[in-house]
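Colleague:
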Amino acid sequence: MYMLDGTGGRGQRERKVQLSHFDLNLLRALDILLTERNVTHAAERLFITQQAASSALQRLRRYFDDEFSRVSAGIWN
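Residue numbering for the sequence shown follows UniProt numbering, starting at 1 and increasing by one per position.
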């Protein structure tokens, strides 16, 4: 089990995340999504469709209890 601070580092709450059920293939998608901050650009870098990248983002959001937000300039965490 891995402890994550669900407040972006402000220490207001902690939550346990079960990493044994985490799809490790999502780590690459997560890295590129956070780097690109744009699903379409991330999909291009991952050589997948935009729909597949959106699906990966949706799975990440579900797994991490919606820690990723959409802003007009893209994705941020």
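From the three backbone atoms N, C-alpha and C, an ideal C-beta is built for every residue, glycine too.
Counting C-beta neighbours from all protein chains within 10 Å, is the total for M1 16 or more, i.e. buried, or is it exposed?
Modeller: Any answer about M1 is weak, because its pLDDT of 42 lies below 50 and its placement is not dependable; what the coordinates show is given next. It counts as exposed.
Colleague: Please give the ranges of any beta strand (DSSP E) in the stretch 12 to 45, keeping only runs that are unbroken, at least 3 residues long and fully inside the region.
Modeller: 14 to 17, all fully within the stretch 12 to 45.
Colleague: Ordered along the chain, which non-local residues of its own chain (more than five positions away) have a Cβ less than 6 Å from that of S54?
Modeller: Once the five neighbours on either side are set aside, the close Cβ partners of S54 are V39.
Colleague: Using 10 angstroms around the beta-carbon of L30, count the other beta-carbons present and answer buried if the total reaches 16, otherwise exposed.
Modeller: That one is buried.
Colleague: Checking 9 Å against the spacing of the C-beta atoms, do L34 and A56 come in under that value?
Modeller: Going by C-beta atoms, L34 is not nearer than 9 Å to A56.
Colleague: Flag this pair as yes or no: are the beta carbons of R23 and R59 separated by less than 9 Å?
Modeller: Checking the sequence, you will find Asp at residue 23 rather than Arg. The answer is yes: Cβ separation under 9 Å.
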